[in-house]
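Visitor:
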């Protein structure tokens, strides 16, 4: 909502500076986003009239004018001018010698000096609107009204010492979508007197009435209109109206359109002016029908149905109710007879309609929030009076049908409740005064303790307020006008209760810190990704699609964090990084019919948290004392140890993203919880990588589990170590081998670990030697040699039986 | 190498007189030794098998009986003195020897340390964690929930029914799936659905045990918007405190305190300005202003807030007559940018290590 300060002050003029007024509005909920001067600073420009115009003797495009500037000069001034519209008789802004024009890009004013232009003397400059900085229009000289007072200061004549207010209105403030509405609010905030709303008196000299049938009471609650014949549509819009429109960001179009816009800005009343001669028969107000269409004023044609309201005549639909008029009955410069309509459209019947057709209009914006129905006749008189005054003509009577207007139910506000919600004991008489200033009719009901003891206000909201239905709506009004600044910031008084993070649950922050400590940097990637990533990298044929993505490479919801991390690697490599290690902790999204609606679940979709990482480049950053080595599977597996729970297993398995021989599924209690592996070489080129990074992705939930430690006493008995080297087939995985050694071993066997793996010439083809360290210790007594040897023997036999292992000679 | 000390007179002259200076000579000579062999040789010269003092002791028997005792005592003192000097000098020389051998093993302590480096946490996540910690200090729980959300939780339950003009305040991403209510599922436009989800999970405790609902819900949110100041994905933190008597003044108190703790300055102006959100009433935008630093003197929008609307309290499963309280929602990116002086929102989502490493 944009308007000029002077227009607002013509209705309510508090003794405040511009900045104070803007601040007061902002602090009452009408956020003033911008205050801009109506014109940039300039001096020395007055109204002048061109008396003569001759062609410049030495330049085709220039003319030499004599200009009357009244008392500002003893005689008419000779001024050279290049504007095509310079002609005798027009009144225009004249910058006198010594004038300072608005600053250019260098910030310095442009000074007007006496000059010779192509050897003809020029004593000033005739100005366009753009040169004055009041419009972008550069269509030549700014032509002023023919009665503009010659010699008058242009700043005063055009009210340029004014400011434009741009207010960001919240959707509840329907009553402030007009200058008068903002004035009402200004009155409530400041207490400055409020002028009565402008109206008009129209004498109906015609009797003609255009018949209107309202067939949809849930669409239209009140419909009023009148015929005006004999208007001059070519009449020019008066300067004062044009100025106010322009300062409100509305370009002047034609008188009839301008008048309609003016009343909308002044009173918040959208109206529609039909060219009566293009209306066939009578009007009907009804819901649209499937198959109907309408060419709108803006040239677009929309397809209609039962959900949009229309006004039609005997032949066709002529208007989109409450939103925009139709092209065929629009007024033009040739219009002589009009029908002016003002109606009450139910907000629910308008809401969302314009958005459906992908546009918005000032009228629709207002009607979907609610426009006063009571002032329809008064506003119709106002617009009619303006039309008669500016365009002439004769008016018929107002035909006003009240079909189904809302009722304003009284709302009760308990004083104690208001005080409790706000947290401040605002006094009852202060509340009463706030209601009075807001124009809210109220009565104070006092009840003694016997009657429940609650004192309340009963408030009946005016028809222009669409935001007062419940007690809280009134509490908000009290708080807002009382002033949020006047409500203290209190440290709350509450029962103190401790709250602690369960020790058995690792927080997400602890997880992040643990993986970051392994030399990974955290990134945050978009949850929507390129469809190709899902299809080609992850083998996900059916990702969840966005219906309205902002770009095609952000069209589907990710089912893995890894592609985004690979893109992070690519980005950093392209910026000269040779080692990139990044991780992300975030949600992924997959269709899953087994998910039902739950406290924290949405049916049909699983959206678990994952932790993923990518390690590209050296195992350690290039440094003086370490051999350069690319990080491999085992480096990253060790990093994962920082976050994986006890008992997690790595099982060789294939994944579309990963090198088939260098990838593993991570399992916990036989359930898969993640993946780790080397990126498949075929994907390297997509991310422009020179070597294969190692990637991992794990479910977060199992990582958060951290069983509470139960202490076991440290044994005082000697620890026995036996090293065994077993020769097995290459295909025997070490964890299986270790498992078979541990299974069924006596309790004093504390641990069995692989400490070396050897493949080489000394061994038969396809075999490897696995060196295993066995630690044995009893809690109570020293182990006998026979026990130790027996245990080793037993393990060897098992390894032999299950894996064909042989003791390495 | 020092020169050996000049040879002095023997301790006992041929006259049989006892010299007072043999040990003094020895002390000089031993103390001047710079190597262990040299020291041993010097020691032998005085108290070795044929040392000056040893020989003198052997010669005692030749002395007159009346002189033997005094001479004997004197020679013993001299021998002890030589031995003590020897021991002391030996210790010094051994120290020097060890030091010299260690000095040869010296390393360049200014070379960088070896091994793996440290990664780092994303600045927005740092903010997330700090916000959690600050609110946890007065007993707030933390919750998170679905990002693909049902229409009801994101809008309708928050008093924002279909077609309401307030829906146009937030441009919503929709996905190609419908919820069980038949309405399209969407990417949550704010963390406010977590108010409803969390409160519904805990409403029974509120009613049975009088426990307040006190929770913050940080998380990802999405809106169809993308430029230097808007990202299609961003983070919010939602706050909710519902009990029997939590007022707007309490909201002002809690949020003002939060901002001062977060920015670690009491010189922070906070203002609450009337606004509108369907799910709160009265509603407030919260602006803050630094008293010093590069952003000094400018009001900066930091949060939306207000007293939870009674219809929303009803949707929590609670009686709005009995339970009131506040909610707020703040942008984590915004807090992070103000905290660390970051000018461009897009930096958070580029994954540029040169940016991320600054926060390690």
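Protein chains in written order, with the working numbering: chain A, 84 to 892; chain B, 2 to 361. Every residue gets a Cβ at the ideal spot worked out from N, C-alpha and C, and that includes glycine.
Can a CB atom of chain B be found closer than 8 angstroms to the CB of residue 571 of chain A?
Guide: yes
Visitor: Strictly under 8 angstroms for the Cβ-Cβ distance: is residue 316 of chain A near chain B by that measure?
Guide: no
Visitor: Classify residue 204 of chain B as helix, strand or coil using the three-state DSSP reduction.
Guide: helix
Visitor: Could you compute how far the alpha carbon of residue 216 of chain A sits from the alpha carbon of residue 194 of chain A?
Guide: 15 angstroms
Visitor: Nearest chain A C-beta to residue 121 of chain B closer than 8 angstroms, yes or no?
Guide: By this cut-off, residue 121 of chain B is an interface position.
Visitor: Find out if the Cβ-Cβ distance for the pair residue 220 of chain B, residue 602 of chain A is shorter than 8 angstroms.
Guide: no
Visitor: Note down the Cα distance separating residue 427 of chain A from residue 484 of chain A, rounded to an integer number of angstroms.
Guide: If you draw a straight line from the Cα of residue 427 of chain A to the Cα of residue 484 of chain A, it comes to about 10 angstroms.
Visitor: Please list, in chain order, the residues of the stretch 256 to 269 of chain B that have any C-beta partner in chain A closer than 7 angstroms.
Guide: Taking 7 angstroms as the cut-off between beta carbons, the residues of the stretch 256 to 269 of chain B near chain A are 257, 258, in sequence order.
Visitor: Between the alpha carbons of residue 718 of chain A and residue 778 of chain A, how many angstroms are there, rounded?
Guide: 11 angstroms
Visitor: Determine whether the Cβ of residue 649 of chain A lies closer than 8 angstroms to any Cβ atom of chain B.
Guide: no
Visitor: When you compare only the Cα positions, how much space is there between residue 277 of chain A and residue 544 of chain A?
Guide: 18 angstroms
Visitor: Exposed or buried, which one is residue 100 of chain B when buried takes at least 16 other CB atoms within 10 Å?
Guide: exposed
Visitor: Within 10 angstroms of its Cβ, does residue 245 of chain A collect 16 or more other Cβ (buried), or is it exposed?
Guide: buried
Visitor: Is residue 515 of chain A helix, strand or coil when you go by DSSP?
Guide: helix
Visitor: If we require 3 or more residues per run, which beta strand (DSSP E) segments fall completely within the stretch 842 to 889 of chain A?
Guide: 850 to 859
Visitor: Assess, as a yes-or-no matter, whether the stretch 229 to 249 of chain B is touched by the stretch 261 to 271 of chain B under the definition of 3 or more beta carbon pairs within less than 8 angstroms.
Guide: no
Visitor: So, helix, strand or coil for residue 22 of chain B, using DSSP?
Guide: coil
Visitor: Any beta carbon from chain B within less than 8 angstroms of residue 708 of chain A's own beta carbon?
Guide: yes
Visitor: Taking just the CA atoms, how far does residue 648 of chain A sit from residue 766 of chain A?
Guide: 13 angstroms
Visitor: Could you spell out the range, first to last residue, of the alpha helix (DSSP H) harbouring residue 722 of chain A?
Guide: If you look at residue 722 of chain A, you'll find it in the alpha helix (DSSP H) that goes 716 to 723.
Visitor: If you draw a straight line from the C-alpha of residue 699 of chain A to the C-alpha of residue 361 of chain B, how long is it?
Guide: 19 angstroms
Visitor: Which stretch, first to last residue, makes up the beta strand (DSSP E) that contains residue 693 of chain A?
Guide: Residues 692 to 699.
Visitor: For residue 113 of chain B and chain A, any beta-carbon pair shorter than 8 angstroms?
Guide: Closer than 8 angstroms to the CB of residue 113 of chain B there is at least one CB belonging to chain A.
Visitor: By Cβ distance, which residues of its chain are closer than 7 angstroms to residue 474 of chain A, with the 5 residues on each side in sequence left out?
Guide: Cβ within range, chain order: 314, 315, 316, 318, 338, 339.
Visitor: If you follow the alpha helix (DSSP H) that residue 290 of chain B is in, where does it begin and where does it stop?
Guide: No alpha helix (DSSP H) holds residue 290 of chain B; the beta strand (DSSP E) holding it covers 281 to 291.
Visitor: Near residue 114 of chain A, what residues of its chain come up, given a Cβ to Cβ distance below 6 angstroms and the 5 sequence neighbours on each side ignored?
Guide: 251
Visitor: Taking a cut of 9 angstroms between CB atoms, which residues from the stretch 592 to 621 of chain A lie near chain B?
Guide: 592, 595, 596, 598, 599, 600, 601, 602, 603, 604, 605, 606, 607, 608, 609, 610, 611
Visitor: Would you be able to state if there are at least three C-beta pairs under 8 angstroms between the stretch 88 to 95 of chain B and the stretch 560 to 571 of chain A?
Guide: no
Visitor: Quick check on residue 231 of chain B: buried or exposed, where buried means 16 or more other Cβ atoms within 10 Å of its Cβ?
Guide: exposed
Visitor: What residue range does the alpha helix (DSSP H) around residue 637 of chain A cover?
Guide: No alpha helix (DSSP H) holds residue 637 of chain A; DSSP gives it neither H nor E.
Visitor: By DSSP, does residue 195 of chain B sit in helix, in strand, or in coil?
Guide: helix
Visitor: Taking DSSP as the reference, what is the three-state secondary structure of residue 360 of chain B?
Guide: In the three-state reduction of the DSSP assignment, residue 360 of chain B falls in the helix class.
Visitor: Under a Cβ-count criterion, where at least 16 other Cβ atoms within 10 Å of its own Cβ denotes burial, should residue 308 of chain B be classed as buried or exposed?
Guide: buried
Visitor: Quick check on residue 297 of chain B: does DSSP put it in helix, strand or coil?
Guide: coil
Visitor: Hey, residue 177 of chain A and residue 152 of chain A are a contact pair by Cβ (cut 8 angstroms); roughly how many whole angstroms apart?
Guide: 5 angstroms
Visitor: Can you tell me whether residue 746 of chain A is buried or exposed? The criterion is at least 16 other CB atoms within 10 Å of its CB, across all chains shown.
Guide: buried
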